[in-house]
Ligand SMILES: NC(=O)c1ccc[n+]([C@@H]2O[C@H](COP(=O)([O-])OP(=O)(O)OC[C@H]3O[C@@H](n4cnc5c(N)ncnc54)[C@H](O)[C@@H]3O)[C@@H](O)[C@H]2O)c1
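In our numbering, the protein residues as written are 924 to 1225.
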């Protein structure tokens, strides 16, 4: 007996990366799975999104555990598409018990270079897309007086980050939204929680803009990226964590083992969030050339 036997999970962005790992891990514990993914690229991004072959690979991974899996088209920017995918899942399996709102995208540039359209796209997928997924599921969950929802936020849901203000804002917003959902659906017996992953070894990071940013140099290699991620973590030796680290936490959160937990934002970060922060701005020679490093020097620094 698996602890999720007889349950059904609907996962947005389930075709690859953490979504795929979550699908496989939930299936290993007995759940049947529906994945909804965009299945095409978004032009403004520097990397590709999942395609049909990725979705087929997730379906295979779930079936290896003897569970059923359907792959559906579902762009979280489109309420009609998400309603349709969720409805198809209810029709196929007879009900849905678990919603994992996982679809997400990222893009890097200083906030003053982000266009109106780029800002809106990141917010639309990462934040508003989660509201749409919950909207698609909420009538079903309220009617059944049951359901468990997990949002994939980020450590950037509670801390800042350079050069992706739109992503940081969306992920912070997601933690607030998770709490609002916990309040409004709690009386119906529905739980709402979030995971806050650190840097994860997933396709979202497998492109030069991500390698360079994390390694702190141009033309960085994936190996240099991974080495640089070691400094993110308190637990010794850990670089970017595998997607399975998040999948393990999500599986526990949606299971009855976490039946009393709602409204929680749980770091999956190898201790990243308890590390003391650093501020590179005051370092002489770094930052804008025309800025005075310390416009209000204390007596001691004169
Ligand atoms: N990888 C990390 O370092 C990291 C860290 C913290 C949080 N996250 C978050 O984890 C989640 C999963 O990302 P991942 O790391 O697996 O990256 P990923 O790029 O491998 O997976 C994201 C998935 O979402 C899908 N997707 C993108 N836009 C969509 C849309 N409009 N509608 C439906 N599906 C869409 C993609 O096709 C892809 O399958 C994201 O929300 C991401 O922001 C990632």
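Ideal Cβ positions, reconstructed from N, Cα and C, are used throughout, including at glycine. Predicted model only: the values in this text are computed from it and were never measured.
*Between which two residues does the alpha helix (DSSP H) harbouring residue 1075 extend?*
Residue mapping note: residue 1075 aligns to position 152 of the chain shown, counting from 1. Not the alpha helix (DSSP H): residue 1075 falls in the beta strand (DSSP E), residues 1070-1075.
For residue 959, the first and last residue of its enclosing alpha helix (DSSP H): In the chain shown, counting from the first residue as 1, residue 959 sits at position 36. From DSSP, residue 959 is part of no alpha helix (DSSP H) but of the beta strand (DSSP E) over 955-960.
Check: With residue 1244 and residue 1005 assumed to form a contact (beta carbons below 8 Å), what rounded beta-carbon distance in angstroms separates them?
Finding: The chain is shown from 924 up to 1225; residue 1244 falls before or after that span and cannot be answered.
Spatial distance of residue 955 from residue 1213 (CA atoms)
Position 32 of the chain shown, counted from the first residue, corresponds to residue 955. Position 290 of the chain shown, counted from the first residue, corresponds to residue 1213. Their Cα atoms are separated by approximately 59 Å.
Closer than 7 Å: residue 1193 CB and nearest ligand 1 heavy atom: Taking the first residue of the chain shown as position 1, residue 1193 is located at position 270. Every heavy atom of ligand 1 is 7 Å or more from the Cβ of residue 1193, so no.
Taking the alpha-carbon of residue 1178 as reference, which of 1165, 1058 and 1072 has the nearest alpha-carbon?
Here residue 1178 is taken as the residue at index 255 of the chain shown, counted from 1. It is 1072.
Item to check | Chain-order list of residues whose beta-carbon lies under 7 Å from that of residue 1123 (same chain, five-residue window excluded) | outcome: As a working note, residue 1123 is residue 200 in the chain shown. Closer than 7 Å at the Cβ level, and outside the excluded window around residue 1123, lie 941, 1163, 1164, 1166 and 1169.
| task | Could you give the DSSP three-state label for residue 996: helix, strand or coil? | result | In the chain shown, the residue the question calls residue 996 occupies position 73. Residue 996: strand per DSSP, three-state reduction.
Under the assumption that residue 959 contacts residue 981 (Cβ atoms under 8 Å), give the Cβ distance between them as a whole number of angstroms. Residue numbering aside, residue 959 sits at position 36 when the chain shown is read from its first letter. Residue numbering aside, residue 981 sits at position 58 when the chain shown is read from its first letter. About 11 Å; that fails the 8 Å criterion.
Proximity winner among 1089, 1088 and 1172, relative to residue 952 (alpha-carbon distances):
Stepping through the chain shown from its first residue, residue 952 is reached at position 29. Checked all of 1089, 1088 and 1172; the closest Cα to residue 952 is 1172.
- Message: Can you tell me whether residue 1180 is helix, strand or coil according to DSSP?
- Response: Along the chain shown, read from residue 1 onward, the residue named residue 1180 stands at position 257. Three-state DSSP puts residue 1180 in a helix.
- Message: Is residue 1000 near ligand 1 - that is, is its Cβ less than 7 Å away from at least one heavy atom of it?
- Response: In the chain shown, the residue the question calls residue 1000 occupies position 77. It does: the Cβ of residue 1000 is within 7 Å (strictly closer) of some heavy atom of ligand 1.
Margin query: With a threshold of 6 Å on Cβ separation, who are the neighbours of residue 1225 within its own chain once the five nearest residues in sequence on each side are excluded?
Written below: Taking the chain shown and counting its residues from 1, one reaches residue 1225 at position 302. With a pLDDT of 49 at residue 1225, under the threshold of 50, the modelled position of that residue is not reliable, and no figure is offered here.
Practice problem: Quick one: grab the DSSP three-state call for residue 1225. | Solution: Along the chain shown, one-based indexing puts residue 1225 at 302. Legend: pLDDT at residue 1225 = 49, less than 50; position of this residue unreliable, value from coordinates given subsequently. In this structure, residue 1225 counts as coil in the three-state DSSP scheme.
Note to self: Quick check on this structure: which residue in 1182, 1137 and 1155 has the alpha carbon closest to the alpha carbon of residue 1199?
What the structure shows: Here residue 1199 refers to the residue found at position 276 when the chain shown is read from its first residue. It is 1155 whose Cα lies nearest to the Cα of residue 1199.
* To do: Please report how far the alpha carbon of residue 1211 lies from the alpha carbon of residue 947, in whole angstroms.
  => Here residue 1211 refers to the residue found at position 288 when the chain shown is read from its first residue. Here residue 947 refers to the residue found at position 24 when the chain shown is read from its first residue. About 47 Å.
Three-way DSSP call (helix, strand, coil) for residue 901 in this model: Any question about residue 901 goes unanswered here, given that the chain covers just 924 to 1225.
(Q) With H, G and I counted as helix, E and B as strand and the rest as coil, what does DSSP make of residue 1141? (A) For this step, residue 1141 is matched to residue 218 along the chain shown. In the structure shown, residue 1141 sits in coil (DSSP, three-state: anything other than H, G, I, E or B).
Subject >> residue 931 and residue 1016 closer than 8 Å at C-beta >> reply: Here residue 931 corresponds to residue number 8 of the chain shown, with the count starting at 1. Here residue 1016 corresponds to residue number 93 of the chain shown, with the count starting at 1. Contact: yes.
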